[in-house]
Amino acid sequence: MNNFIGLHQSQLDTPALIINKTKLLNNIQLMHSLTKNKNVNLRPHAKTHKCTTIAKLQLENGAIGICVTKISEALVMAKAGIKGLLITSPVVTTTKMNNLIALLRLAPDSMLVIDNLENAIQLNELLQKNNLPLNVLIDIDAGIGRTGINMVNVVDFVSQIIKLKNINFMGLQCYAGHIQHIPNLQERRALSHNILNKVSKIKLKLVFQQIKCAILTGSGTGTFSLDAEINEITEVQPGSYCVMDQEYNNIEYKEQLFVTAMTMLTTVISTNHKTHVTVDAGTKALYKVDTKPRIISHPHLSYDWDYFGDEHGKVFNNNTSNNHTLPQLGETLELAVACDPTINLFDYFYIVDENGIVIDRWNIDLRGCCQ
Ligand SMILES: Cc1ncc(COP(=O)(O)O)c(C=O)c1O
């Protein structure tokens, strides 16, 4: 069963996701110390890793709780004993609301965002029937148009919400996902501050009206350190930093902070052409995003998924003038990939030490929880 322990990573069956434990822990501890120095709380988003073992490591290293997007993810976290959950997307429909009640029985301190009064009234009725309170944050649209209410309506909305007996208004969430990957640091800072300064004013307005607003959260890996410069921010919810996404490797930082801790292994399975080889990871193992995987084990090679589809990838020499040859049949390549959607395609992370020796295997136990 555990016959992979002690293998070198190159001996693992592929495609496989591997995590370098030292790098993962360094990323987790670094985020904690950076946020602590800036006096903001850290509630990391688990949408990246989808793994209760990593969530526990984040909590052991200073996080005050864990964010998830879906109620099904929250239930897995709660069953694993994780507290301080924040569900960062609205819970609508009877099935999901009943699951929320189940969650509150397991983890009463869980919080949920809301962005609709009718939904809040329905939730309140269900909570009353079950004699349960619910802590909520109001989700504010940062300009994406995804979820959240328009900034101009927030104060009125809150004044309606606080009338609902079983709903405790705790604060505000505003996550600007469209800004996180802007390459230029100053541009990213200016856009993010512009949004969060407006949200800060809303918070101050509420406080002026004697409405307690304990939490103002938002921010991902691309803006957490910039957003923490704003006084009213109380916590941040970055996700990708722990394993470090390939897309985040391409943007400019104040300091270069986090390192790629998770990679994918794929094997060369056909070598009958002078121009390229075929590997065993296609789009069923590598979620297709704008940023292509980078072959970190062989920098002269490039991965191309446009030709070979679901189960296969094409790998070619990107510099034909150099002396490098194509890899051999059976050779393992190591890739830096887009993390979130790729992790959701796998059951396990293989955990390796600094020498690439497999020391553990962790379940990606929130994998597939998209309800
Ligand atoms: C609401 C919310 N919060 C936090 C995050 C984490 O952001 P990142 O992975 O960019 O750090 C995301 C990512 O999509 C998100 O949707």
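Quick note: to get the numbering used here, add 6 to the position in the sequence shown (first position is 1).
The beta-carbon is built from N, C-alpha and C at its ideal position, and this holds for glycine as well.
Between the options, which lies nearest to residue i when the distance is taken from Cα to Cα?
i      : options                           : result
THR20  : SER308, ASP312 and LYS290         : LYS290
ASP162 : ILE150, GLN215 and ALA148         : GLN215
ARG194 : ASN159, GLU360 and PHE230         : PHE230
GLY151 : SER276, TYR247 and TYR181         : TYR181
THR338 : ILE24, THR59, ILE11 and ILE88     : ILE24
GLU261 : GLY228, GLN179, CYS248 and PRO244 : GLY228
HIS199 : GLU360, LYS135 and ALA234         : ALA234
LEU109 : ALA80, LYS29 and TYR293           : ALA80
ASN86  : ASN159, LEU170 and CYS57          : In the sequence as displayed, the identity of residue 86 is Ala instead of Asn. With distances taken between Cα atoms, ALA86 lies closest to CYS57.
THR281 : ASN256, ARG300 and LEU332         : LEU332
ILE34  : VAL364, ILE217, GLN134 and GLY245 : GLY245
PHE264 : VAL249, ILE275, SER116 and ASN26  : VAL249
VAL343 : VAL358, ASN190, PRO305 and TYR293 : TYR293
ARG300 : LYS320, GLY226 and ASP316         : LYS320
THR99  : ILE185, GLY68 and ASN122          : ASN122
HIS279 : THR240, ALA148 and LEU335         : LEU335
HIS14  : LEU202, LYS207, ASP366 and CYS376 : ASP366
State yes or no: is the C-beta of residue i nearer than 7 Å to some heavy atom of ligand 1?
i      : result
LYS53  : yes
SER276 : no
THR41  : no
GLN64  : no
SER78  : no
GLY183 : yes
SER116 : no
GLN252 : no
PRO96  : no
CYS180 : no
THR281 : no
TYR2   : Limits of the chain in this structure are 7 at one end and 377 at the other, which puts residue 2 out of reach.
CYS73  : yes
PRO189 : no
GLY177 : no
GLN192 : no
GLN334 : no
PRO347 : no
GLY68  : no
THR227 : yes
PRO244 : yes
GLN186 : yes
Measuring straight from C-alpha to C-alpha, what distance separates residue i and residue j?
i      : j      : result
VAL142 : SER165 : 13 Å
LYS76  : HIS330 : 46 Å
ILE155 : SER78  : 24 Å
VAL205 : ILE72  : 22 Å
ILE221 : GLN252 : 31 Å
LEU132 : ASN174 : 14 Å
ASN105 : ASN137 : 15 Å
THR153 : ILE120 : 9 Å
ASN350 : VAL74  : 14 Å
MET270 : GLN128 : 44 Å
ILE146 : ASN361 : 45 Å
HIS51  : GLN243 : 5 Å
ASN325 : ASP310 : 15 Å
THR28  : ALA126 : 43 Å
SER16  : ILE275 : 14 Å
SER116 : ALA61  : 15 Å
LYS169 : VAL97  : 20 Å
LEU63  : ASN369 : 14 Å
Kindly indicate which three-state DSSP category residue i falls into: helix, strand or coil?
i      : result
THR99  : coil
LEU292 : coil
CYS180 : strand
SER116 : coil
ARG195 : helix
TYR254 : helix
ALA84  : helix
LEU3   : Examination of residue 3 is not possible in this model, given that the chain is present from 7 through 377 alone.
SER231 : helix
LEU332 : coil
ASN141 : strand
ARG111 : helix
VAL213 : helix
GLU241 : strand
CYS219 : coil
GLU378 : Given a span of 7 to 377 for the chain in the structure shown, any question on residue 378 remains unanswerable.
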